[in-house]
Amino acid sequence: HLDRRYIDGKKSLFFGPFAAIGPKFLKNGSNLDLFKSINPSNVVTLLSAATKNFPLVKYSVQQVLMGKEDRMKELRRFIPDAKDEDWDLHIAGKRVQVIKDTKEHGRGFIQFGTEVVNSEDHTVIALLGESPGASTSVSVALEVIEKNFPQYKQAWESKIKEMIPSYGQSLIDDTKLLHETRKATAQTLELNE
Numbered sequence: 001h002l003d004r005r006y007i008d009g010k011k012s013l014f015f016g017p018f019a020a021i022g023p024k025f026l027k028n029g030s031n032l033d034l035f036k037s038i039n040p041s042n043v044v045t046l047l048s049a050a051t052k053n054f055p056l057v058k059y060s061v062q063q064v065l066m067g068k069e070d071r072m073k074e075l076r077r078f079i080p081d082a083k084d085e086d087w088d089l090h091i092a093g094k095r096v097q098v099i100k101d102t103k104e105h106g107r108g109f110i111q112f113g114t115e116v117v118n119s120e121d122h123t124v125i126a127l128l129g130e131s132p133g134a135s136t137s138v139s140v141a142l143e144v145i146e147k148n149f150p151q152y153k154q155a156w157e158s159k160i161k162e163m164i165p166s167y168g169q170s171l172i173d174d175t176k177l178l179h180e181t182r183k184a185t186a187q188t189l190e191l192n193e
C-alpha cells in the first residue's frame, strides 16, 4: 500500500510493507522474544501453525531475501515511473501474527488482519494482529465505534460520511464511487492517475 506521511515536517511517500519473518515481537525487541513465549500449553499450536502454513513461511523468507531491484519492481506495479534513487528501504515496524486454536480451523490457525477484542461489558478494548498501523487504523476505529458505541452510530454517521464519503457503501458494487475514491486518493497522495 501507499502512505503519505509527514516526518520531522517533511512530506514523504511510503510503499509496502514487504513481509518478513523473525523471532522479534517488537522492532527493537530481542531475538529471544519468540522462544521465550513458547511453553507447554502453546508448543503444539505453534508447530501446527508452522506446518499448516508452510507456503506462508516460505513466502515470508522470500520477501526477506528480496533485494532493492525486486522491491522496485513491486513498487513500479503501482508507480511505473518510480526511480531507484528516489526510494530507500526503512524498517517501519514489526508485525506479530495472532496464532490460536479455533473450533472452525483447529490448532494453529493464523489470524490475518487485525482483530478488535472487547470485554463483555465493553470497558476494555484490545487490538490484536498483524497490522495495527496506518493501513488499518480507520477500519479499526470504525469497528470500535460500531461494536462499543452503537447508541452513537446514527448520531455520528453524517460526520463519518463527511470524512469517509464511501462509508457504508460497496466499492465493489459501485464502480463510479470506486473511481471517485481512487481519484481523490491519487490527488491526496500526489500520484499520476
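Everything in the sequence shown is counted per the UniProt record's numbering, starting at 1 for the first residue and increasing by one.
Glycine residues also receive a C-beta, built at the ideal position from the N, C-alpha and C atoms.
{"query": "Reduced DSSP secondary structure (H/G/I, E/B, other) of I160", "result": "helix"}
{"query": "Unbroken alpha helix (DSSP H) run spanning L189, endpoints", "result": "175-189"}
{"query": "For D3, three-class secondary structure by DSSP", "result": "strand"}
{"query": "heavy atom of the ligand MG below 6 Å from V43 C-beta", "result": "What this structure holds is no ligand at all, so the ligand MG is not there to describe."}
{"query": "Pairwise C-alpha distance: A19 and Q63", "result": "6 Å"}
{"query": "Alpha-carbon to alpha-carbon, H122 and residue 217", "result": "One cannot answer for residue 217 here, as it falls past the ends of the chain, which runs 1 to 193."}
{"query": "Contiguous alpha helix (DSSP H) assignments of at least 4 residues, all confined to the region 36-101", "result": "43-52, 54-64, 68-76"}
{"query": "Reduced DSSP category for T114 - H, G, I as helix; E, B as strand; rest coil", "result": "strand"}
{"query": "Status (buried if at least 16 other CB within 10 Å, exposed otherwise) for G108", "result": "buried"}
{"query": "L177 vs Q187 beta-carbon contact at 7 Å", "result": "no"}
{"query": "DSSP three-state assignment for A19, whether helix, strand or coil", "result": "coil"}
{"query": "Delimiting residues of the beta strand (DSSP E) encompassing I125", "result": "125-129"}
{"query": "Distance, A155 Cα to E146 Cα", "result": "12 Å"}
{"query": "Cα-Cα separation, I125 to V140", "result": "11 Å"}
{"query": "Proximity of residue 197 and E143 at Cβ, strictly below 7 Å", "result": "Lying before the first or after the last residue shown, residue 197 is absent from the chain, which here runs from 1 to 193."}
{"query": "T114 burial status per 10 Å Cβ neighbour count (16 or more: buried)", "result": "buried"}
{"query": "C-beta contact flag for F15 and R5 at 7 Å", "result": "no"}
{"query": "Secondary structure of L34, DSSP reduced to three states", "result": "helix"}
{"query": "Exposed unless 16 or more other CB atoms sit within 10 angstroms - verdict on A184", "result": "exposed"}
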